[in-house]
Amino acid sequence: MKLDQRIKPISYLKAHSAEIIREIGDGAGPMVITQNGEAKAVLQDVASYERAQETLA
């Protein structure tokens with residue numbers, strides 16, 4: 022999965038939040054959210070977040 026295919030502006034997040042959460046929960050992978058053209062946040066499912074945290078610990 023390439024992150025460049027999952028980059029969306031914050032306006033898309035606002036308009037499609039339920040759909041995005043469903044996709045991420047179904048394993049679509051993380052999504053980068055931009056604001057004013059800059060990456061500001063990454064949305065990912067809880068399980069992959071927890072795995073990443075355990076790996077870093």
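Residues 22 to 78 in our numbering are what the sequence shown lists, from first letter to last. Beta carbons are placed, not taken as given, at the ideal position from N, Cα and C, and that holds for glycine. Just so it is clear, the structure is predicted and the values come from calculations on it, not from any experiment.
- For residue 62, the uninterrupted beta strand (DSSP E) segment begins and ends at 59-64.
- Its Cα nearest to that of residue 30, the residue 59 stands out among 43, 45, 59 and 46.
- In the DSSP annotation of this structure, the continuous segment of the beta strand (DSSP E) that includes residue 56 starts and ends at 52-56.
- Between the C-alpha atoms of residue 42 and residue 57 there is a straight-line separation of about 22 angstroms.
- The straight-line gap separating the alpha-carbon atoms of residue 34 and residue 78 is approximately 30 angstroms.
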